[in-house]
Structure formats: structure tokens, C-alpha cells
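Colleague:
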Amino acid sequence: MAWTDKKKIAGLVPAILIPAVFFFFTFLITDHAYILNDDLQLKSLLDGSFSGKPEYKTIYLRVPLAFLLSLLYRFLPGIQFYDILLEGTYLICLLFICFYFSKRNDPSGLNLRSFVIPCICAAAFFAFFLKDMLFLHYTLVAAAAGGTGIFLLSLSEERDERIPAYILLILCDQIREQVFLMFLPFVSVIAGMKLLVFIRAEDKKRVKDFLKEAAIALFVFVVLFLADRAAMKEGSYREYIDYNNARTELYDYTGIWPEEEALSLYESLGVDEDLLAVMSAYDISFDERIDGRLMHKMASYVPQKERKSTGQKIKDTLWVLRKETFSPDDNGVYVLVLIIAWLMMLITAVKEKDIISGVKLAAFICLHFLLYGYLIYRGRYPERVVVSLYLSGIAVAFSHKRPDLRQFIVPVILMALTLPGSIKTDLKSLEDANRAPLVLYSYVTRHPEEIFVTDTYADVDAVIYPCPDNMLHGGGWTSGSPAFKDRLKRFYVNDMEELLNGTASVRFVLKEGVGLKKEELDHYLGKRFKKEDYETVLIEDIEENGCVYHIYAPGE
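Quick note on my numbering: the sequence shown kicks off at 278 and runs consecutively.
1) Within this structure, are the beta carbons of LEU717 and ILE828 separated by less than 7 Å?
2) I'd like to check one pair, LYS320 with TYR514: are the Cβ atoms closer than 7 Å?
3) Starting from the Cα of PHE563, find the closest Cα among LEU595, ARG570, CYS824 and LEU552 and give me that residue.
4) For a test of the three-state rule: what should DSSP assign to ALA830, helix, strand or coil?
5) Helix or strand or just coil, what does DSSP make of VAL662?
6) Count the other CB atoms, across all protein chains shown, that sit within 10 Å of the CB of PRO535; report buried if there are 16 or more and exposed otherwise.
7) For the stretch 706-721 against the stretch 755-764, are there 3 or more C-beta pairs whose distance is under 8 Å?
8) Determine the direct distance from the alpha carbon of LEU430 to that of ASP324, and round the result to whole angstroms.
9) Between the alpha carbons of ALA310 and ILE295, how many angstroms are there, rounded?
10) Rounded to a whole number of angstroms, what is the C-alpha to C-alpha distance between ALA399 and PHE378?
11) What does the Cβ neighbour count give for VAL627, buried or exposed, with the cut at 16 atoms within 10 Å?
12) Measuring alpha carbon to alpha carbon, tell me which residue in TYR734, CYS744, LEU704 and ALA739 is nearest ARG723.
13) Going by Cα to Cα distance, which pick from ALA292, ARG506 and PRO341 is closest to PHE392?
14) Let's test the definition: count the other Cβ atoms within 10 Å of the Cβ of THR731 and tell me whether it reaches 16, buried, or not, exposed.
15) Taking the beta strand (DSSP E) that THR731 falls in, what are its first and last residues?
16) Once the 5 residues before and after ASN822 are set aside, which same chain residues still bring their CB inside 7 Å of it?
17) Return yes when the Cβ of THR587 is within less than 7 Å of the Cβ of TYR654, no when it is not.
18) Just reading off the beta strand (DSSP E) that LYS788 is part of, what are its end residues?
19) Would you kindly work out how many angstroms separate the C-alpha atoms of VAL662 and CYS375, rounded to a whole number?
20) Rounded to whole angstroms, what is the Cα-Cα separation between LEU488 and GLU435?
21) In the stretch 406-446, which residue ranges form an unbroken beta strand (DSSP E) of at least 3 residues, counting only runs that do not cross its ends?
22) GLU821 by DSSP, collapsed to three states: which one?
23) Buried or exposed: where does LYS600 fall if 16 or more other Cβ atoms within 10 Å of its Cβ makes it buried?
24) Short of 7 Å in beta carbon distance, which residues of its chain neighbour ARG483, apart from the five on each side in sequence? Order them along the chain.
25) How is TYR359 classed by DSSP in three states: helix, strand or coil?
26) Cα separation between LEU644 and VAL636?
27) At what residues does the beta strand (DSSP E) containing LEU749 begin and finish?
28) Please classify VAL497: is it buried, with 16 or more other beta-carbons within 10 angstroms of its beta-carbon, or exposed?
29) Tell me the rounded alpha-carbon separation between ILE467 and LEU620.
30) What do you get for LEU596, buried or exposed, if any count of 16 or more other CB atoms within 10 angstroms of its CB means buried?
31) If you run the structure through DSSP and keep just helix, strand and coil, what is ALA310?
32) Secondary structure at LEU323, three-state DSSP: helix, strand or coil?
33) Please report how far the alpha carbon of LEU787 lies from the alpha carbon of GLY757, in whole angstroms.
34) Can you find at least 3 beta carbon pairs, one from the stretch 339-358 and one from the stretch 451-465, that sit closer than 8 Å?
35) What residue from LEU472, VAL689 and LEU501 has the CA that sits closest to GLU490's CA?
36) Helix, strand or coil for LEU305, going by three-state DSSP, please let me know.
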């Protein structure tokens, strides 16, 4: 399409206006929240509310993107740039999809078709992503960006159609590296097959242009990657990365075991009964002795009953893969939509006797199950990561051949029918889960002269508001980070030792049934205070929505 043709350009205007209207109703009228408190923590690091200054080394976001956000927060405080990033990424994805379909249908000015096409695209996007847009999470945002990038790259024929794909794939990597790595095999197959088609057609210009633009995109990616790695090599942060890797290994994969053999190992490492109670409650910030090396050594133990041969692990993986695929629970809608999309594409390939397309789709299906199997084999596959993989599968399925918009009808109807009940249930669960933490936060805010030390699990469901400035969590992925040490300095102490031993205004928040028990806290603090019969004093009980928080002060 000639970009000098004003009449045709006018036909693309609805491809911009309709997504804008769609997002106006979605984000300005409908409330939305984070799906996990990880996003609240990322946001509080970036905007400076956690450590007192905007941080760009967040472990999860790539440094170039995080650095840009931290600069924006530094110079324009008060604007929620992290939310703008998450919401804006969805908007960019929808804009590119609507623009692609409108441009490919070569609109000849403003007419009914130029409005209908973006409306259908917006409806499809709405059905697939509405739930993930109302419950924001950076992993799923990265999946939307990467999936849209795959979709556009596969269907593109000209350079100006591929540039948005490269932008979205790089954005996916900047938001969540692990999601990009999960999508990379699909991208590699699509790029390789596209280059092969150009070579077989003996179209030297297209081959040259494709290699040139791919080289530029790769160069940009490498520069951003090296910038990220260079920033992470800085001394204190390199130590933190090692610490966090050990924390992930122990708490997310191995676990702390109660077996006698394990307890003997822990004791030989210097972990007594009281310190073990602190670690089991995930209050790893309490004690400087809990470093990366200690957690790595503790993670080296696996009970005999959990030790399995490679063959047994593969067998278990296949069993879980079959169960999750044919008896899905949390991801049922995504699984069903993906299977329908695959079947539709396979039927189309068979009807048209298109062997190459059939082989291509078969390769994508195999890639999907290999990646899913790998996640299961590794032993940890949280729902948000699995949903990301399903989103990539859906993007690949619909990018298999140039799609007829009618192919979206069945999946859109399916998703639309399940959305209202699902969203209503999730909103109710979100409201219930946040009621107790918000009551606790209200209490903490009313006592600004005191420092409240709490268990990570006590308010882990709080995803609407960040914890107050005078509240400190005893664990989590920020433990051991330079940012955590900066947060301690906001309380005029250098470390937890000084905070626990020297500040009379410290209060301990324990949630009934979760984390440390009072007697375990007393035993641990007694050793630190060198008082054999040490006992904290209960000063307040907070009860809300079935949750009970106990507020303790240090004993005399």
C-alpha cells in the first residue's frame, strides 16, 4: 500500500480509534489489580517507595527497561509508569493487530469494512486477554507482547510489517526474560522457514532485506542484553544474584525437609532449631547467617523417596502432561481454545493438501509439548508461566496461514461465554483476600512512630496497595538485596541485627496459622538478646475475614 495515498491511509484510522475506545472502557471504567504481589514489589522498587530512591536492578525486569522506568519516576514522581507499561503493552499489541488486518485487507478509504475488521480484532483480543488485563502481571504482559510478535512475524511479507514484530519481541525480553526464552524456539522456526521460502522463490532482494533487518534486530537485542549483564556484574548485586538463585533453589524447588537425615545436615551447617524455625517460616531476612552459600548447601539434600532416575522423571512428566492437557483445571479455557485452533488449521491444511503447512504446524505442536514437558520436568510450572506458553501456542496456531477472520468466531465465543463468571469469581476472591491485609495496613499506618516486622506470608495476598513505609517483611525475593539494606537505613539501622536488638519501637506481626509461632519467635529472639526466658508481649489482636494478626512488642 502506498503511504502517499491519503484515501487509503484514512481507511486505517479506525484501526487506531477502535482500540483506543476499547481501552477507554476497559481501563477507565473497570477496576483492575495485580494478580500477585510481585508486581507491587517491582513497582515499589522502581518508584523509590521501597528503598527511598528509584531502583533499576530488580532481578526480573531487564536493566535497560527498568533503568528507563526508574528515570521517569525520578523526574516525574507521582505518575504510575509501571502500570502504564503493563497496560500500554496490551494497547500496543492490539493496535498492531488491528493495523495489520486493516492494512492487509487494503482498505480503500473509510467504509463499513474498515470499521468491521478492527472491531472483530478487538473482540478477539478482548476475549483472549480481558482477564489478564484486569488482573495485571508482568509475566502475562510479556506473553502478550511475545505472542503478538510471533503472530506478526509469521504473517508478515514486507519489512514494515516485520518491524513491529521485532519491537514486541524485544519488549517481551525486556519485561520477562524467561518468557522470551520460552518463545525463542518458535521465533527461530518461523524466521528460518520464512528465509527458506524467500530462498526457494529466488527472491534475492527479499532474502537480503530479511537478513539485514534480522541482523539489526539481533544487534539491538545483543546491545540490550550486554547492558543488562554488565549492570548485573556490579559487586554487591552479583552477590545478591547468587543469593537469590540459592533462595529460589531452596524455597521453589527443593524445600526444607523434616527428615532426621536432613536435620542432621542442617545442624552440621550451623542451623540450630531456632534458626531452622525462622528459615521454615521464610523469614530469611531475620539473620545475616542465612546467606546464599548456606541455602545452597541446604538445597543439596533431597530425601531418598524423592530421588528419581531420569527415566522415572520422564515417565512422571508424560503422565502430568497428559493429565494437564486432557483434564485441565485452571488453564482449561486456554487449552480448549488452543486445541480448537490446532484442529482448524490441520483441517485447512488437509483440505488444501498443503503438506508444507501441515509439517510446519506439526513442528509447532511438538515444540509446544516439549516446552511444556520441560517445565513439568523441572518441577515447577506456575499457572502464569503455563498460560504464557498457551498464549504463544494460540498466536502460532493463528499465524500458521494467513487467517480468515471467521476462524476467530468459535474461540471468541468460547472465551466470551466463560469470561463473566470467571472474572466475577476472581474479583470476589481478590476482594476477600485483600480485606484482612488492608485492615492490617490501616493499623500500621496509624502508628507511624513504630516499625512493624512481619512474615512474608502474612499479607502475601495483598495485591491492591503496597505495604506501608513503616512495615518490613522478613523474607521474599528482595531479601539480601542492596535495596533491602537501603530500606533498613530508612529506619536508621544498618542491618537486621541492629534493628532487632536496638530499637524499642519494633513491633512483630504474626498471622495465626502461618509462619513463625510466638514461642518460636521468643526462642529465636531470646538467643539474640542472650536472655534465656525471653518473651514478647501481646499488645493488639486484629481480626478480619477469618484472619487473625497478633501484634507483639519486645519484652522487657
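We put the beta carbon where it would ideally sit given N, CA and C, even for glycine.
Modeller: This is what the structure gives:
1) LEU717 is not a Cβ neighbour of ILE828, given a cutoff of 7 Å.
2) No, they are not a contact pair.
3) For PHE563, the nearest C-alpha among the options comes from LEU552.
4) If DSSP states are grouped into helix, strand and coil, ALA830 belongs with the strands.
5) Looking at VAL662 - three-state DSSP - the assignment turns out to be helix.
6) The residue is exposed, with fewer than 16 neighbouring Cβ atoms inside 10 Å.
7) Judged by Cβ distances under 8 Å, the stretch 706-721 makes no contact with the stretch 755-764, as fewer than three pairs qualify.
8) Cα-Cα distance, rounded: 34 Å.
9) If I take the Cα positions, the gap works out to 24 Å.
10) One Cα belongs to ALA399, the other to PHE378, and the distance between them is close to 11 Å.
11) Under this definition VAL627 is an exposed residue.
12) Comparing Cα positions, the closest option is CYS744.
13) The shortest CA-to-CA distance from PHE392 to any of ALA292, ARG506 and PRO341 is the one to ALA292.
14) Looking at its Cβ environment, which holds 16 or more other Cβ atoms inside 10 Å, THR731 is buried.
15) Where THR731 is concerned, the enclosing beta strand (DSSP E) starts and stops at 728-731.
16) Closer than 7 Å at Cβ, skipping near neighbours: ASP709, ARG712 and ALA713.
17) In this structure, THR587 does not lie closer than 7 Å to TYR654 by Cβ.
18) Counting along the chain, the beta strand (DSSP E) containing LYS788 begins and ends at 783-788.
19) So the two alpha carbons sit approximately 26 Å from each other.
20) If I take the Cα positions, the gap works out to 13 Å.
21) Look at the stretch 406-446 and you find no whole run of beta strand (DSSP E) that is 3 residues long or longer.
22) Reduced to three states, the DSSP call for GLU821 is strand.
23) By the 10 Å Cβ count, LYS600 comes out exposed.
24) Here the set comprises PHE475.
25) Helix.
26) The C-alpha of LEU644 lies about 12 Å from the C-alpha of VAL636.
27) Taken as a continuous stretch (DSSP letters only), the beta strand (DSSP E) holding LEU749 covers 748-750.
28) With fewer than 16 other Cβ atoms inside 10 Å of its own Cβ, VAL497 counts as exposed.
29) Each residue's Cα considered, the two are about 20 Å apart.
30) The residue asked about is misnamed: residue 596 is Trp in this sequence, not Leu. Around the CB of TRP596, fewer than 16 other CB atoms lie within 10 Å, so the residue is classed as exposed.
31) Strand.
32) Looking at LEU323 - three-state DSSP - the assignment turns out to be helix.
33) The straight-line gap separating the alpha-carbon atoms of LEU787 and GLY757 is approximately 21 Å.
34) In short, these stretches touch, since the Cβ pair count reaches three.
35) Minimum Cα distance to GLU490 is reached at LEU472.
36) Collapsing the DSSP output to three states places LEU305 in a helix.
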